[in-house]
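Trainee: In this note's numbering, the protein residues as written are 156 to 576. Just dropping this structure here.
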Ligand SMILES: Cc1cc2nc3c(=O)[nH]c(=O)nc-3n(C[C@H](O)[C@H](O)[C@H](O)COP(=O)(O)OP(=O)(O)OC[C@H]3O[C@@H](n4cnc5c(N)ncnc54)[C@H](O)[C@@H]3O)c2cc1C
């Protein structure tokens, strides 16, 4: 069968699903033979690019965000921006939709199950119980659900505790917002809240009390390590120790070999890396734009943002306020509490649950994402054999590939799937 007559289902129409459709069309699949199942109204948005707030910025330079690897400056040219610039995040989904065009079928449905048939096709079931057969399916269900910290386990739900700041609802009006977590999500939430009223303030608490690092004001030249320089945790730590103050060059230099490096680590090394080096890694790897960092620094200096480290032991809602008590006995009070600790790899969409329940696949290493053969992109059964014609990309590959969430990795995976189809 030629590519053009293949009928492909993409499950999830966030950035991963949309970039996959763009890649398939470039590989010769007819747009009318591509179905993207995505309950959201607009393709390309997903979690990251649904924001309408101009203060929320991309954390990757424009020159690295093209949807197509062979056209590296495509996004920068579209945005009419320098390659080394950090544009508004809301622009990105518009870019993806314009690139995609109108030819693909956007089905505003949730896929609930997949059944490979003996003819080599895959039967998809949708939430409305309709069924349709496809030659291939690409899973792009994205990041998991918002993480809930231990101190809230078992606590009753409260409208004053925002568990998922990306659930599509605007932040509530408030004067003092408590944030648990001081990473990238916190930066977005704090900027939105503070822009509403000069009297608003934010109190942010996390274990380390560290904010994300900043990008340099001008482009840097990443180091060029080989895999043998970093193929064990001990070597990786030495690589960073030698880099010293040039840690940005060291982190960025790992990008081309990140997946191979992660796969060369033993599962004990992966676990140890996440436990002991993870927090510093994420802070340095996912950096904020320099002018966003300046703005946050100015808000801290003005006393509108207070950042502290500490272990929260209790969150209590009383008299229309949230009281957060730390291990050291201090209690901080706010009108709302926003959880800003990122997302779990615990996927809870009905398709993932059914695939796992039906024994068609299993969780990826360390419970991250799904079990995927990263060399082919094919989903793996629990016994390690691959399911023909069912692929997965993006955060679903985090267990095997680790850093599998940013656009440069996603587009590479999408084009490799399109090529193998
Ligand atoms: C706030 C935020 C900011 C970010 N900023 C950047 C950045 O600046 N640069 C960068 O490179 N990366 C950034 N990232 C990383 C980001 O995760 C990726 O760039 C990318 O958006 C991941 O997209 P995705 O499509 O895989 O997942 P998602 O965005 O999570 O989209 C998955 C989609 O699948 C749909 N879905 C799920 N289950 C089903 C089902 N069963 N049936 C049908 N549809 C389903 C959901 O409705 C959802 O729309 C950011 C991430 C976040 C959360």
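Glycine included, C-beta positions come from ideal geometry on N, C-alpha and C.
Distance check for residue 204 and residue 355, CA to CA, integer angstroms please.
Mentor: Their Cα atoms are separated by approximately 25 angstroms.
Trainee: Anyone know if the C-beta pair for residue 370 and residue 316 falls short of 8 angstroms?
Mentor: Going by C-beta atoms, residue 370 is not nearer than 8 angstroms to residue 316.
Trainee: Confirm, please, whether the CB-CB distance from residue 173 to residue 121 is below 8 angstroms.
Mentor: The first residue shown for the chain is 156 and the last is 576, placing residue 121 beyond what the model contains.
Trainee: Are the region 179-199 and the region 253-268 in contact at 8 angstroms, needing three or more beta carbon pairs?
Mentor: Result yes; three or more Cβ-Cβ pairs closer than 8 angstroms.
Trainee: Does at least one heavy atom of ligand 1 sit under 7 angstroms from the Cβ of residue 321?
Mentor: Result yes, Cβ under 7 angstroms from ligand 1.
Trainee: Return the chain-ordered list of same chain residues with a C-beta closer than 7 angstroms to the C-beta of residue 289, the five sequence neighbours on each side being excluded.
Mentor: Here the set comprises 162, 163, 164, 276, 277 and 279.
Trainee: Is residue 215 near ligand 1, going by C-beta to nearest heavy atom under 7 angstroms?
Mentor: True, at least one ligand heavy atom lies under 7 angstroms from that Cβ.
Trainee: Taking the runs of the alpha helix (DSSP H) that are 4 residues or longer, which of them lie wholly in the region 437-504?
Mentor: As far as the region 437-504 is concerned, its whole alpha helix (DSSP H) runs of at least 4 residues are 445-456.
Trainee: Measuring from the CB of residue 518, is there a heavy atom of ligand 1 at a distance below 7 angstroms?
Mentor: No, the beta carbon of residue 518 sits no closer than 7 angstroms to any heavy atom of ligand 1.
Trainee: Which partner residues of residue 357 appear in the DSSP bridge assignment?
Mentor: 332 and 460.
Trainee: Assuming residue 280 is part of the beta strand (DSSP E), what are its boundary residues?
Mentor: Start and end: 277-281.
Trainee: Pair every Cβ in the region 486-503 with every Cβ in the region 238-249, then say whether three or more of these pairs are closer than 8 angstroms.
Mentor: As far as the Cβ criterion goes, the region 486-503 does not touch the region 238-249, which means the pair count is below three.
Trainee: Below 8 angstroms between beta carbons: does that hold for residue 307 and residue 426?
Mentor: No; because the gap between Cβ atoms is not below 8 angstroms, this pair is not in contact.
Trainee: Hey, is residue 342 close to ligand 1, as in C-beta under 7 angstroms from one of its heavy atoms?
Mentor: Result no, Cβ not under 7 angstroms from ligand 1.
Trainee: From the DSSP output, in three-state form, read off residue 542 for me.
Mentor: Three-state result, residue 542: strand.
Trainee: How many Å lie between residue 398 and residue 379 at the Cα?
Mentor: Roughly 12 angstroms separates the two Cα atoms.
Trainee: Taking 7 angstroms as the cut-off, is the C-beta of residue 297 nearer than that to any heavy atom in ligand 2?
Mentor: Ligand 2 is not part of this structure, which contains only ligand 1.
Trainee: If you measure between the beta carbons of residue 294 and residue 210, is that distance less than 8 angstroms?
Mentor: Contact flag unset, no.
Trainee: Taking 8 angstroms as the threshold, find out whether the region 221-235 comes into contact with the region 560-568 through three or more Cβ pairs.
Mentor: Yes, the region 221-235 is in contact with the region 560-568.
Trainee: If you drop the 5 nearest sequence neighbours on each side, which residues of the same chain put their C-beta closer than 8 angstroms to that of residue 188?
Mentor: Around residue 188: 159, 160, 161, 162 and 163.
Trainee: May I ask you to check if the CB of residue 560 is nearer than 7 angstroms to at least one heavy atom of ligand 1?
Mentor: Indeed, a heavy atom of ligand 1 lies less than 7 angstroms from the Cβ.
Trainee: Got a sec: does ligand 1 put a non-hydrogen atom nearer than 7 angstroms to the Cβ of residue 193?
Mentor: The answer is yes for residue 193.
Trainee: If you compare alpha carbons, which of 348, 314, 319 and 340 is closest to residue 329?
Mentor: If we check each option's Cα against that of residue 329, 348 comes out closest.
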